[in-house]
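Colleague: Let me begin by handing over the structure; questions about it come next.
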Amino acid sequence: AIQSTLRRRVDLPSGGYLIIDYAEALTVIDVNSGSFTGRGKGARLEDTITRTNLEAAEAVVAQLRLRDIGGIIVIDFIDMSRARNRDAVLKTLRKSLDEDRTKTYVVEISPLGLVEMTRQNVTEGVREILTKQCPTCVGEGVVLSEETVSIDAERRLRELAAERPGTEAFLIQIHPRVGALLAGGPGRPLLEIEAETGKHFHFEGSEALPIDHFAVSLEGSREAVEERALPFLEGEEVLVTIEEPHMYNEDDAVAKLGGYVISVAGAGRLIGKKTLVRIEKVARSAASATLVEGAELVDVPAPVNGASEPAPDSEEEDKKPRSRGRRGGRGRRRKPAQAESPGGSGD
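Here's what the structure looks like:
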């Protein structure tokens, strides 16, 4: 019940819904028809809109009382072409407000369906009492897009190369979606930056990182950085979870290790299972693999309540140096590396 008073969206019984937004000086309530399209063959759009607005008028007052919203309130009803329908909605709103003991004042409904009203502030309101400002966005409620962050990351990579001319390669901790744009986005900016600066850049990170995270995990020779950056060796056998179908080949599938993608040939039928694969080719941000013949399949338990698979125990997991996994050629028997945690090939 407490959570319902904090939700932005309030569903109406007919299929419509309210969206409640709080601004510094006022509260805005938007009415939407949603899936409600009227009943019967002769149902007209105007009738559908009016019924939704009448239902919303009662629901708005209920929310004002439940959330104890005060101050200036603007209600954006769905546009109605007929004046009598607008009057009916306003009448329903005022009738519902008569049951509210808090002092209110309602202005006439506009041709666009807007109603301005005020409601006396009695308390700070449920939202102000139960919540506090997000320390990450500081009330902004939005984050930078991957495209915006990747453009800034390009600039920072160039600056890093200029500031450290004696360093050959860098391992950068960055959000996987940003790294994917840099490595494989339009124009392949990472290749351009490397050609321009003469440096080599590798990325590591996880979905748990803030989208604009950027940190140097390691710098030094190209060999040293690649030893840390590449999680697998060619010919290595790894136990992975087959997570999703391949984007372009329905017979293949994809496993993931943090932001690192493993394309597994012939695994399209094994979605949701753990199996042993052999790494055939290793690249900067992805690897290709084949199924190990005769490997046992293990079903992955379904997440509880839609939760994703457990993340590392702490953020420190993302910062630990990755050690190289067990080396082994095709014909060698060796203990499979686990790919279920960051650096799973030998953390």
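Each number in this note's numbering comes from the position in the sequence shown (counting from 1) with 318 added on.
Ideal Cβ positions, reconstructed from N, Cα and C, are used throughout, including at glycine.
All values reported here derive from a predicted model rather than from experimental measurement.
#1: Note down the Cα distance separating GLU541 from HIS493, rounded to an integer number of angstroms.
#2: Kindly indicate which three-state DSSP category VAL496 falls into: helix, strand or coil?
#3: Quick check: what's the CA-CA separation for THR323 versus THR420?
#4: For LEU588, which residues from the same chain have a beta carbon less than 7 angstroms from its beta carbon, with the 5 sequence-adjacent residues on both sides left out?
#5: Out of ILE529, LEU499, ALA583 and ARG385, which has the shortest C-alpha to C-alpha gap to THR441?
#6: Pick out whichever of VAL595, VAL378, GLU598 and PHE532 has its Cα sitting closest to the Cα of ARG474.
#7: What is the rounded straight-line gap between the Cα of ALA526 and the Cα of TYR566?
#8: Leaving out five residues on either side along the sequence, give the residues of the same chain with a beta carbon under 6 angstroms from the beta carbon of ASP329.
#9: Could you check where the alpha helix (DSSP H) with ARG546 kicks off and where it finishes?
#10: For ARG596, count neighbouring C-beta atoms within 10 Å of its own C-beta (all shown protein chains included) and say buried if the count is 16 or more, exposed if not.
#11: Taking GLU537 as the reference, give the member of HIS520, ARG437, PRO331 and ARG476 with the closest Cα.
#12: DSSP three-state call for PRO628: helix, strand or coil?
#13: Residues in its own chain within less than 6 angstroms of PRO507 by CB, not counting five upstream and five downstream?
#14: Less than 8 angstroms between the beta carbons of LYS450 and ALA479, yes or no?
#15: Below 8 angstroms between beta carbons: does that hold for VAL392 and LEU432?
#16: Got a sec? Which residues, its chain only, sit under 6 angstroms from ILE390 by beta carbon, not counting five neighbours each side?
#17: For a quick check, are the C-beta atoms of ALA375 and THR410 less than 8 angstroms apart?
#18: Among GLN321, GLY352, ASP348 and TYR340, which residue has its Cα nearest to the Cα of SER332?
#19: According to the neighbour-count rule (16 or more other Cβ atoms, all chains shown, within 10 Å of its Cβ), is PHE550 buried or exposed?
#20: GLY443 to ASN350, Cα distance in whole Å?
#21: Could you give the uninterrupted runs of the beta strand (DSSP E) lying entirely in the stretch 422 to 491, keeping only those of 3 residues or more?
#22: Using 8 angstroms for Cβ pairs, my map puts LEU557 next to LEU594. What's the rounded Cβ distance?
#23: Using CA atoms only, rank isn't needed, just tell me which of ILE529, LYS591, ALA613 and HIS564 is closest to VAL460.
#24: May I ask you to report which of helix, strand or coil DSSP gives LEU408?
#25: Identify the continuous alpha helix (DSSP H) that holds GLU598 and give its terminal residues.
#26: Just confirm the distance between the C-beta atoms of VAL379 and SER414, as a whole number of angstroms; I'd bet it's less than 8 angstroms.
#27: Considering only C-alpha positions, which residue in the set THR366, GLU611 and ALA377 is nearest to SER399?
#28: For ASN350, list the residues DSSP reports as bridge partners.
#29: How would you label ARG546, buried or exposed, when you count the other beta carbons within 10 angstroms and need 16 or more for buried?
#30: By the three-class DSSP mapping on this structure, what secondary structure does LEU324 have?
#31: Using CA coordinates, which residue listed in LEU509, GLU514 and GLU611 is at the minimum distance from GLU555?
#32: Smallest Cα separation from GLU486: which of VAL467, GLU544, GLY502 and VAL582?
#33: Just list the residues that DSSP pairs LEU509 with in beta bridges.
#34: Out of ASN371, ARG362 and ILE338, which one is the CA nearest neighbour of LEU382?
#35: Could you give the first and the last residue of the continuous alpha helix (DSSP H) run that contains ASP569?
#36: What's the call for THR466, buried or exposed, on a 16-neighbour Cβ count within 10 Å?
Modeller: According to the structure shown:
#1: 23 angstroms
#2: helix
#3: 18 angstroms
#4: ILE560, ALA571 and LEU615
#5: ARG385
#6: PHE532
#7: 27 angstroms
#8: TYR335
#9: 540 to 547
#10: buried
#11: HIS520
#12: Note that PRO628 scores 46 on pLDDT, short of 50, meaning its location in the model is unreliable and no value can be drawn from it.
#13: GLU472 and LEU500
#14: no
#15: yes
#16: LEU344 and THR436
#17: yes
#18: GLY352
#19: buried
#20: 24 angstroms
#21: 422 to 424 and 432 to 437
#22: 6 angstroms
#23: ILE529
#24: helix
#25: Looking at the DSSP string, GLU598 is not in any alpha helix (DSSP H); the run it does join, the beta strand (DSSP E), is 591 to 600.
#26: 4 angstroms
#27: THR366
#28: TYR335
#29: buried
#30: coil
#31: GLU611
#32: GLU544
#33: For LEU509, which the question treats as bridged, DSSP gives no partner whatsoever.
#34: ILE338
#35: Element bounds for ASP569: n/a, residue is neither H nor E.
#36: exposed
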